[in-house]
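Per numbering that gives the first Met the number 0: the sequence shown = residues 0 to 140.
From the three backbone atoms N, C-alpha and C, an ideal C-beta is built for every residue, glycine too.
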Amino acid sequence: MNWGTKLVIGMLSFMTFIVVLGVLMFNSKTDALVDNDYYEKGLTYNADYNRKEQVKTDDAGPKLSIDQQNIVLSFKTEASGIINLQRSSDKSMDQRIALQTDEKHQAVIPLKGIARGQWHVIISWISDGKSYLDEQEIHIP
Numbered sequence: 000m001n002w003g004t005k006l007v008i009g010m011l012s013f014m015t016f017i018v019v020l021g022v023l024m025f026n027s028k029t030d031a032l033v034d035n036d037y038y039e040k041g042l043t044y045n046a047d048y049n050r051k052e053q054v055k056t057d058d059a060g061p062k063l064s065i066d067q068q069n070i071v072l073s074f075k076t077e078a079s080g081i082i083n084l085q086r087s088s089d090k091s092m093d094q095r096i097a098l099q100t101d102e103k104h105q106a107v108i109p110l111k112g113i114a115r116g117q118w119h120v121i122i123s124w125i126s127d128g129k130s131y132l133d134e135q136e137i138h139i140p
């Protein structure tokens, strides 16, 4: 086999590889985007940024801890809001949970129904008339 034949075989292999990837891309049912409503979220980016900065300004970030049965969020003052648990490996496992603090300024979320592994936590709450937003990564053992 001479060098010309090897060159043609190499080019055909590469072209086949590109065609197969193109077919797989068009037949894929999933999209690489994390959110389906990314455009709408982009429109509210400035408001979200201000809420995140308010957390830093007021030093109001919640302390997040995990025990055997619960996720415990400790706030500095009374708070109510929503916690989004997002699983990057499987969007169908995402959860949205309402939160309300008790007299110790804690919100307790049971781990029942929440799979083990890495989670992206987005906490949106109102406390003392101010709106806050915080994001954290947690690992549930």
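Measuring alpha carbon to alpha carbon, tell me which of the options ends up nearest residue i.
i	options	result
Lys62	Ala46, Ser27, Phe16 and Lys75	Lys75
Ala97	Ile82, Pro109 and Val107	Ile82
Gly128	Thr15, Arg115 and Ala59	Ala59
Ile108	Met92, Ser73 and Glu102	Ser73
Met92	Ile113, Glu77 and Leu11	Ile113
Leu110	Ser79, Gln68 and Ile121	Gln68
Lys90	Met24, Thr4, Ile8 and Asn35	Asn35
According to DSSP, which residues form a beta bridge with residue i?
i	result
Lys51	DSSP lists no partner for Lys51.
Trp144	Since the first residue shown for the chain is 0 and the last is 140, residue 144 is missing from the structure and cannot be characterised.
Ser130	Ile125
Ser64	Val71
Ala97	Ile81
Ile108	Ile70
Which word fits residue i, buried or exposed, when buried means at least 16 other C-beta atoms lie within 10 angstroms of its C-beta?
i	result
Ile125	exposed
Ile70	buried
Thr43	exposed
Tyr38	exposed
Gly80	buried
Got a sec: is the Cβ-Cβ distance from residue i to anything in chain C below 8 Å?
i	result
Lys111	No chain C is present in this structure, which holds just one protein chain.
Leaving out five residues on either side along the sequence, give the residues of the same chain with a beta carbon under 6 Å from the beta carbon of residue i.
i	result
Gln117	His138
Pro140	none
Ile121	Asn83 and Glu134
Quick one: what's got a C-beta closer than 7 Å to residue i's C-beta in the same chain, skipping five residues either side?
i	result
Arg50	Ser130, Tyr131 and Leu132
Compute the distance between the beta-carbons of residue i and residue j, then report whether it is under 8 Å.
i	j	result
His104	Glu77	yes
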